[in-house]
Ligand SMILES: C[S@@+](CC[C@H](N)C(=O)[O-])C[C@H]1O[C@@H](n2cnc3c(N)ncnc32)[C@H](O)[C@@H]1O
């Protein structure tokens, strides 16, 4: 399944109250939102007419989150769906994840793009290929190590795979507290030692089956992060199987 088709279905099933997109480019993914939508990109060049309720900010994600009140643009409504597809360097995507979760609802979900490079060249920090994922795939291991209570599922979409993260806790500071330690452990020079499981996609879940699994629906099954996390892990274990969750 093409990633835009997966995102389209997530919007339809989850019906977020507010949507954040980091990395807008032409607007192809931003236009999918049927709710208040915020796009952040220092160099967007919209080619698709956007007729939804959208604010596109010509700035970097770091600058956006460093504003005194980043949520002014949604009138204080936390994000219920976010797509992180900005600068494809590990530390930038990690900060994007940390900042996005902090401004998300416990019912929310975050989708990260380009998590399954097809070659070591495509995963390089110093870009030298046309299609480029960079080294953002390290986030999969970081979340497994530091945030095991999250439900994290690799999604088998074209061209370069997605990571779906549910069970968010906006008050959790674990990743911020360990930020320097995480960079010291995971940020590597090129060529990236991309794990075989990433390159051959052995732990990604088929996109169509994921949409049918009721995992997305379980994100609204309770109110507190702990209750939602428990429900999500139950659904994930029974409908997806242990091999595919937090892999
Ligand atoms: C792969 S494109 C986004 C594609 C779009 N999401 C889609 O699916 O059609 C990546 C975008 O990230 C933007 N970008 C680069 N650095 C960024 C940053 N620090 N913060 C936000 N966006 C950034 C680039 O300008 C580029 O337009």
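Residue numbers (the numbering used here): 1046 to 1292.
Backbone N, C-alpha and C define an ideal beta-carbon position, used for all residues, glycine too.
Residues sharing a beta bridge with residue i, DSSP
i, result
"residue 1158", "1207"
"residue 1201", "1251"
"residue 1082", "1064 and 1099"
"residue 1129", "1067 and 1157"
"residue 1178", "DSSP, once it has assigned bridges, lists no residue as partnering residue 1178."
"residue 1196", "1211"
"residue 1290", "1198"
"residue 1124", "1149"
Contacting residues, own chain, Cβ-Cβ under 7 Å from residue i (five flanking each side not counted)
i, result
"residue 1223", "1191"
"residue 1231", "1135, 1183, 1186 and 1187"
"residue 1087", "1103, 1104 and 1105"
"residue 1267", "1273 and 1276"
Contacting residues, own chain, Cβ-Cβ under 6 Å from residue i (five flanking each side not counted)
i, result
"residue 1156", "1128, 1207 and 1209"
"residue 1180", "1135, 1168, 1170 and 1237"
"residue 1252", "1046, 1051, 1200, 1201 and 1202"
"residue 1263", "1276, 1277 and 1280"
Residue i at chain B interface by Cβ criterion, 9 Å
i, result
"residue 1222", "Protein chains in the displayed structure number just one, and chain B is not present."
Beta-carbon proximity of residue i to residue j, cut-off 9 Å
i, j, result
"residue 1052", "residue 1074", "yes"
"residue 1187", "residue 1220", "yes"
"residue 1060", "residue 1120", "no"
"residue 1139", "residue 1068", "no"
"residue 1227", "residue 1160", "no"
"residue 1256", "residue 1055", "yes"
Collapsed DSSP secondary structure at residue i in the structure displayed
i, result
"residue 1150", "strand"
"residue 1219", "helix"
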